[in-house]
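Undergrad:
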Amino acid sequence: MQIRPLDAADPAAMAAWHASYHAAHVFGQEYPSPWMLEEMRAEMLGDRTGERMEPFGLYVDGRCVSTGFVELPLMDNRHLARVEVATHPDHRGRGYASALLEHLTAVAVSHGRSTLNADAAWSVHGRPDGVGTPNADFLTRHGFSFSLGDVKRALDLPADEALLGRLAAEAATRHPGYRLRDFVGPVPEDLLDEFGALIGSLITEAPMGDLDFEPEVFDAARIRADEEVFAASGRTKYTTVAVAPDGALVAYSELAVPSYDPEHVYQWGTLVRPAHRGHRLGLATKVHNLRRFQAAESGRSLLFTYNAEVNTHMVAVNEAMGFRPVQRLGEFQKRL
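Just so you know, the sequence shown maps onto residues 22 to 357 in the numbering used here.
Here it is, written out as structure tokens:
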């Protein structure tokens, strides 16, 4: 058994690593959504200013049987590291994931991190805290504590345009004076600073349970660097923002459309500034963005979204749009 860093620029090494990762993430899953090879390569090789990913593989007789990485925030939350491990289904039960997690923990400590974050997924029919499921139990055995329960939901595409139209019309009556603006791809220059402040607050303004986070810093350089990685990964982003009567940017919603995954679309962040809640701007931006996407593209089968189970308002928005629960997830944290 050998653990070594992955050279993502080596096509053969990257392909072998991703094959193991992909097998682990689709095994036994009815609605899997792993990162595709090209997406993962772009994430690993991208020159981000806000975070860095350090990938590793565990090899037995030259074969990659377990994959993992450490994600290190660089501009904020410098006490944190996110870790992920996954073992090929043919090689589970032999301690490989535990060995790799121990290695990743040491890497995080070497970078001065004092808290680890990790995610686990299980059946939608399981307990909200994941107790009794392999992935959640693995993390708790290794000292992680359950901090926040999420639910993955799916919406069949194309979404019902008549329903979306009704929802948009109903929401519009609640926010006279506000206007919606949409764009595809990079953030327009005139929105850059306000948009960065808005998305940076998502991690603290959205429900986070017992997770230890501080606001994220998204300056212009970080946003543009992220956009370059995003483009290299073959993803297109659709964004709708809400502008208040005084011209301030107060809400947004994003969709990510991957070119290397032709079946799926991913709902990313949706957030409304606290002072502007109660005007159905979350519903308005989300519905407008989906209609904008559907007017431009077709052929996708599912839109996925993730919400904290305690985020009852956004859950209600998703259910009104027709999303259904398909999987539970948990966010876990460990203090070193």
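Cβ atoms here follow ideal geometry from the backbone N, Cα and C, with glycine treated the same way. Bear in mind that the values here come from a model prediction, so they are computed numbers and not experimental data.
Need the endpoints of the alpha helix (DSSP H) that residue 169 sits in, please.
TA: It is not in any alpha helix (DSSP H) - residue 169 instead sits in the beta strand (DSSP E) that spans 166 to 177.
Undergrad: Assign residue 272 to buried or exposed, taking buried as 16 or more other Cβ atoms, counted over all protein chains shown, within 10 Å of its Cβ.
TA: So residue 272 counts as buried.
Undergrad: Quick one: is residue 88 buried, meaning 16 or more other Cβ sit within 10 Å of its Cβ, or exposed?
TA: It is buried - the Cβ of residue 88 has at least 16 other Cβ atoms within 10 Å.
Undergrad: Leaving out five residues on either side along the sequence, give the residues of the same chain with a beta carbon under 7 Å from the beta carbon of residue 238.
TA: For residue 238, where only same-chain residues beyond five positions count, the Cβ hits under 7 Å are 96, 97 and 221.
Undergrad: Evaluate residue 322 with the Cβ neighbour count: other Cβ atoms within 10 Å of its Cβ, from every protein chain shown; 16 or more gives buried, anything less gives exposed.
TA: Exposed, because fewer than 16 other Cβ atoms sit within 10 Å of the Cβ of residue 322.
Undergrad: To the nearest angstrom, report how far apart residue 232 and residue 334 are at their CA atoms.
TA: Their Cα atoms are separated by approximately 20 Å.
Undergrad: In terms of alpha-carbon separation, which member of 94, 34 and 202 lies closest to residue 235?
TA: That would be 94, whose Cα lies nearest to the Cα of residue 235.
Undergrad: For the beta strand (DSSP E) that contains residue 272, what are its first and last residues?
TA: 270 to 279 is the span of the beta strand (DSSP E), which, as asked, contains residue 272.
Undergrad: Between residue 175 and residue 356, how many whole angstroms is the CB-CB distance? I'm expecting something under 8 Å.
TA: No, residue 175 and residue 356 are not in contact; Cβ-Cβ is about 34 Å, not under 8 Å.
Undergrad: Rounded C-beta distance between residue 107 and residue 199? I'm assuming under 8 Å.
TA: That belief does not hold up - the Cβ atoms of residue 107 and residue 199 are roughly 43 Å apart, past 8 Å.
Undergrad: Buried or exposed for residue 26, going by 16 or more other Cβ atoms inside 10 Å?
TA: Flag for residue 26 reads exposed.
Undergrad: When you compare each of 126, 288, 305 and 68 to residue 177 by their alpha carbons, which one comes out closest?
TA: Per the Cα distances, 288.
Undergrad: Hey, would you say the C-beta of residue 228 is under 7 Å away from at least one heavy atom of the ligand FMN?
TA: With respect to the ligand FMN, the structure shown offers nothing to examine, as it has no ligands at all.
Undergrad: Let me check understanding here. Comparing Cα to Cα, which of 269, 299, 331 and 278 lies closest to residue 314?
TA: Closest option to residue 314, Cα to Cα, is 278.
Undergrad: Give me, in chain order, the residues of the same chain whose beta-carbon lies closer than 8 Å to that of residue 153; leave out the 5 immediate sequence neighbours on both sides.
TA: Around residue 153: 147.
Undergrad: Since I believe residue 38 is in contact with residue 71 (beta carbons under 8 Å), could you give me their beta-carbon distance rounded to a whole number of angstroms?
TA: Actually they are not in contact, since the Cβ atoms of residue 71 and residue 38 sit about 24 Å apart, beyond 8 Å.
Undergrad: State yes or no: is the C-beta of residue 217 within less than 8 Å of the C-beta of residue 240?
TA: Yes, the Cβ-Cβ distance between residue 217 and residue 240 is below 8 Å.
Undergrad: How about the segment 178 to 190 and the segment 293 to 311: do they share at least three Cβ pairs that are nearer than 8 Å?
TA: These segments touch.
Undergrad: Are residue 253 and residue 63 touching if we call contact CB-CB under 8 Å?
TA: Going by C-beta atoms, residue 253 is nearer than 8 Å to residue 63.
Undergrad: I'd like the span of the alpha helix (DSSP H) that includes residue 102, first residue to last.
TA: No alpha helix (DSSP H) holds residue 102; the beta strand (DSSP E) holding it covers 101 to 108.
Undergrad: Between which two residues does the beta strand (DSSP E) harbouring residue 131 extend?
TA: Where residue 131 is concerned, there is no enclosing beta strand (DSSP E), although the alpha helix (DSSP H) it sits in stretches over 117 to 131.
Undergrad: Could you tell me the boundaries of the alpha helix (DSSP H) in which residue 306 lies?
TA: 302 to 317 is the span of the alpha helix (DSSP H), which, as asked, contains residue 306.
Undergrad: Please confirm whether residue 300 and residue 196 have their CB atoms less than 8 Å apart.
TA: Yes. Within cutoff.
Undergrad: For the alpha helix (DSSP H) that contains residue 184, what are its first and last residues?
TA: Where residue 184 is concerned, the enclosing alpha helix (DSSP H) stretches over 182 to 193.
Undergrad: Report the three-state DSSP secondary structure of residue 349 (helix, strand or coil).
TA: Reduced to three states, the DSSP call for residue 349 is strand.
Undergrad: I need the DSSP call for residue 87, collapsed to helix, strand or coil.
TA: Reduced to three states, the DSSP call for residue 87 is strand.
Undergrad: With a 10 Å radius around its C-beta and 16 neighbouring C-beta atoms as the bar for buried, classify residue 76 as buried or exposed.
TA: The residue in question, residue 76, is buried, as its Cβ has 16 or more Cβ neighbours within 10 Å.
Undergrad: At the level of alpha carbons, what is the spacing between residue 320 and residue 263?
TA: Each residue's Cα considered, the two are about 28 Å apart.
Undergrad: Would you kindly work out how many angstroms separate the C-alpha atoms of residue 385 and residue 298, rounded to a whole number?
TA: No information on residue 385 is available, as it lies outside the stretch 22 to 357 that the chain covers here.
Undergrad: Nearest to residue 104 by alpha carbon, out of 117, 114 and 122?
TA: Closest option to residue 104, Cα to Cα, is 122.
Undergrad: Apart from the five residues on each side of it in sequence, which residues of its chain come closer than 6 Å, Cβ to Cβ, to residue 351?
TA: Cβ neighbours of residue 351 beyond the five flanking positions: 141, 151, 157, 167 and 170.
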